[in-house]
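K.L.:
No gaps in the numbering here: position 22 of the sequence shown is 22 in full-length UniProt numbering, and each next residue is one more.
Every residue, glycine too, gets a C-beta built ideally from N, C-alpha and C.
Could you have a look at this structure, given as structure tokens, before my questions?
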Amino acid sequence: MDRFEVTGGKKLSGSIIPQGAKNEALQILCAVLLTPEEVRIENIPDILDVNLLIELLGDIGVKINRIDRHTAVFKADDINIDYLNSIEFRNKSGRLRGSVMLAGPLLARFKTAYIPKPGGDKIGRRRLDTHIIGFEKLGTRFEYHPEDGFFHLDASQLKGCYMLLDEPSVTGTANILMAAVMAKGETTIYNAACEPYLQQLCKMLNRMGAKIRGIGSNLLTIEGVDYLGGTEHSMLPDMIEVGSFIGLAAMTQSQIEIKGAGIEHLGIIPEKFRQLGIQMEFRGDDILIPEQEVYEIQSFLDGSVLTISDHPWPGFTPDLLSIVLVVATQAKGSVLIHQKMFESRLFFVDKLIDMGAQIILCDPHRAAVIGHGREQKLRGITMSSPDIRAGVSLLIAALSAEGKSIIQNIEQIDRGYQYIDTRLKALGADIKRI
Ligand SMILES: CC(=O)N[C@H]1[C@@H](OP(=O)(O)OP(=O)(O)OC[C@H]2O[C@@H](n3ccc(=O)[nH]c3=O)[C@H](O)[C@@H]2O)O[C@H](CO)[C@@H](O)[C@@H]1O
Ligand SMILES: C=C(OP(=O)(O)O)C(=O)O
Numbered sequence: 001m002d003r004f005e006v007t008g009g010k011k012l013s014g015s016i017i018p019q020g021a022k023n024e025a026l027q028i029l030c031a032v033l034l035t036p037e038e039v040r041i042e043n044i045p046d047i048l049d050v051n052l053l054i055e056l057l058g059d060i061g062v063k064i065n066r067i068d069r070h071t072a073v074f075k076a077d078d079i080n081i082d083y084l085n086s087i088e089f090r091n092k093s094g095r096l097r098g099s100v101m102l103a104g105p106l107l108a109r110f111k112t113a114y115i116p117k118p119g120g121d122k123i124g125r126r127r128l129d130t131h132i133i134g135f136e137k138l139g140t141r142f143e144y145h146p147e148d149g150f151f152h153l154d155a156s157q158l159k160g161c162y163m164l165l166d167e168p169s170v171t172g173t174a175n176i177l178m179a180a181v182m183a184k185g186e187t188t189i190y191n192a193a194c195e196p197y198l199q200q201l202c203k204m205l206n207r208m209g210a211k212i213r214g215i216g217s218n219l220l221t222i223e224g225v226d227y228l229g230g231t232e233h234s235m236l237p238d239m240i241e242v243g244s245f246i247g248l249a250a251m252t253q254s255q256i257e258i259k260g261a262g263i264e265h266l267g268i269i270p271e272k273f274r275q276l277g278i279q280m281e282f283r284g285d286d287i288l289i290p291e292q293e294v295y296e297i298q299s300f301l302d303g304s305v306l307t308i309s310d311h312p313w314p315g316f317t318p319d320l321l322s323i324v325l326v327v328a329t330q331a332k333g334s335v336l337i338h339q340k341m342f343e344s345r346l347f348f349v350d351k352l353i354d355m356g357a358q359i360i361l362c363d364p365h366r367a368a369v370i371g372h373g374r375e376q377k378l379r380g381i382t383m384s385s386p387d388i389r390a391g392v393s394l395l396i397a398a399l400s401a402e403g404k405s406i407i408q409n410i411e412q413i414d415r416g417y418q419y420i421d422t423r424l425k426a427l428g429a430d431i432k433r434i
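Right, here's the structure in full:
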């Protein structure tokens, strides 16, 4: 298993372009199954999870013409449904979270689907109830096999209906939406997730001939159609990468320019980094983070200690809380980090504490970070990456720390960050893949 060897404490400089959005790509790639016509997709991130999903599509029978590492044309005109019941499909799709979204389009077009126990980050319980209950409301029967966590879904006809989701699940909304686009009649999904990933999916589906209203809100109305055709789609810049690079610049006291950051789609993300005291200049669609010796965490208006917590979109995405936490360790001031959605995403703070950070893990969901404005520098250590975002947070910590760090289990980072070592080296980082 590869590791990163990082010698920290170096200032970085230059510009960096965010990859296409990972979580959008996982939805968009599943949507190619909705039509027998060609779908051309651009700005595909060249990362483990996305490449695995493309491989799965190929295994199911989708014809794939990979024009380059970031562009491909897909044609799902001859699908092998039986493959979905194979051990190979179970094993492969169990290696990523996004594969769960193959079910919605397969139900829409072929009225049957299989969902093996999905993979993805081990960051707490990640149930599929919202997906399955949504499918059930559309007229799907399901069988659950508890011994291997396998769902078999079957429907003779999907029928539109009203549903109020238990929670605005991101992949759940995408899955139900893709099942509903070809259901008979009208479907209303209330308490829908509305991240830019979903807005992009809705727009793509409408270009294919779907009739979706309410895009960008938590109330989606879908008028079912009989057929969807081909289209072209390009992924937005990955907002989680943009946030990670803002944090990287601040932690390493570097001036970095993020080119083509997709600022209008970042929602509240820049504001949260501003609350940590990080300066940013928006120049067209680029973000310049100037070199800053010290950044100071703001307090609330009444002077009380700032809390940064996750919330469904347009609130702050949970995928950036680990980055915010690590960046706070070198700030001046204190902040409470409250991870509301996932119960195992904060355990990586042990490693930051070993590096010298002042953090109190109050409980699995809350950590108080006391920043001393770089008076206590972090020290390089050997650590292992528990999940994708914690992995990048530890990498950023290592780049700002004194001395050498080894980061193990970097497959976690490669799941979601494209050529990260090469791109960081181009900014002047001392990082080796060993
Ligand atoms: C492939 C993909 O797109 N993965 C993203 C997707 O995962 P995913 O779609 O799996 O996550 P969900 O939106 O379903 O929710 C994640 C977890 O948060 C809980 N929950 C959810 C909504 C809510 O209002 N309250 C709440 O507590 C759920 O019970 C679940 O345990 O969305 C997550 C939440 O933004 C992100 O971290 C993941 O990166
Ligand atoms: C949790 C994440 O990914 P996944 O849902 O694919 O595990 C993430 O992207 O931060």
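(1) Applying the criterion that 16 or more other CB atoms from any shown protein chain within 10 Å of the CB defines a buried residue, is C30 buried or exposed?
(2) Once you ignore the five residues that flank G149 on each side, which residues in its own chain have a CB closer than 6 Å to its CB?
(3) Opposite A180 in the DSSP bridges: which residues?
(4) I'd like to know if L228 contacts chain D, where contact means its C-beta is closer than 7 Å to some C-beta of that chain.
(5) First and last residue of the beta strand (DSSP E) that includes G333?
(6) Flag this pair as yes or no: are the beta carbons of I246 and F273 separated by less than 7 Å?
(7) At a cut of 8 Å, does the stretch 253-270 reach the stretch 213-228 through at least three beta carbon pairs?
(8) Once the 5 residues before and after Y83 are set aside, which same chain residues still bring their CB inside 8 Å of it?
(9) When DSSP builds the beta bridges, which residues end up paired with H372?
(10) Give the straight-line distance between the Cα atoms of K92 and P45, rounded to the nearest whole angstrom.
(11) Measuring CA to CA, which of G120, S86 and L236 is closest to G94?
(12) Could you please give the first and the last residue of the uninterrupted beta strand (DSSP E) stretch that includes N65?
(13) Look up Y83 in the DSSP assignment and say whether it is helix, strand or coil.
(14) Could you pull out every unbroken beta strand (DSSP E) segment of at least 3 residues lying fully inside the stretch 286-370, listed in chain order?
(15) Cα separation between K63 and V73?
(16) At the level of alpha carbons, what is the spacing between D78 and L34?
(17) Taking the beta strand (DSSP E) that Y144 belongs to, which residues open and close that run?
(18) Which residues does DSSP list as the beta-bridge partners of F151?
(19) Does R90 come out as helix, strand or coil in the three-state DSSP assignment?
P.N.:
Reading it off the structure:
(1) Here the question's residue 30 lines up with position 30 in the sequence shown. The residue in question, C30, is buried, as its Cβ has 16 or more Cβ neighbours within 10 Å.
(2) Within the sequence shown, numbered from 1, the residue matching residue 149 stands at position 149. Here the set comprises K117.
(3) Position 180 of the sequence shown, counted from the first residue, corresponds to residue 180. For A180, which the question treats as bridged, DSSP gives no partner whatsoever.
(4) Reference to chain D is not applicable here, since this structure consists of a single protein chain.
(5) Reading the sequence shown from its first residue, position 333 is the one you call residue 333. Residues K332 to H338.
(6) Counting from one through the sequence shown, the residue named residue 246 turns up at place 246. Counting from one through the sequence shown, the residue named residue 273 turns up at place 273. In contact: I246 and F273 (Cβ atoms closer than 7 Å).
(7) Inter-segment contact for the stretch 253-270 and the stretch 213-228 is absent: fewer than three beta-carbon pairs are separated by less than 8 Å.
(8) Here residue 83 refers to the residue found at position 83 of the sequence shown. Closer than 8 Å at the Cβ level, and outside the excluded window around Y83, lie D59, I60, G61 and F89.
(9) Position 372 of the sequence shown holds residue 372. According to DSSP, H372 bridges with K332.
(10) Stepping through the sequence shown from its first residue, residue 92 is reached at position 92. Stepping through the sequence shown from its first residue, residue 45 is reached at position 45. K92 and P45: Cα-Cα distance of roughly 19 Å.
(11) As a position in the sequence shown, residue 94 is number 94, starting the count at 1. Cα-wise, what sits closest to G94 is G120.
(12) On the sequence shown, residue 65 is found 65 positions in, with the first residue counted as 1. For N65, the enclosing beta strand (DSSP E) begins and ends at K63 to D68.
(13) Residue 83 sits at position 83 when you count from the first residue of the sequence shown. Residue state, collapsed to three classes: helix.
(14) Here the runs fully enclosed are 286-289, 306-309, 332-338 and 359-363.
(15) For the purposes of this step, residue 63 is taken as residue 63 along the sequence shown, with counting starting at 1. For the purposes of this step, residue 73 is taken as residue 73 along the sequence shown, with counting starting at 1. Going by C-alpha positions, K63 is about 8 Å away from V73.
(16) Taking the first residue of the sequence shown as position 1, residue 78 is located at position 78. Taking the first residue of the sequence shown as position 1, residue 34 is located at position 34. Going by the C-alpha atoms only, they are around 12 Å apart.
(17) Counted from its first residue, the sequence shown places residue 144 at position 144. Note, Y144: beta strand (DSSP E), R141 to H145.
(18) If you number the sequence shown from 1, residue 151 lands on position 151. Answer is I115 and Y144, bridged to F151.
(19) In the sequence shown, residue 90 corresponds to position 90, counting from 1. Three-state result, R90: helix.
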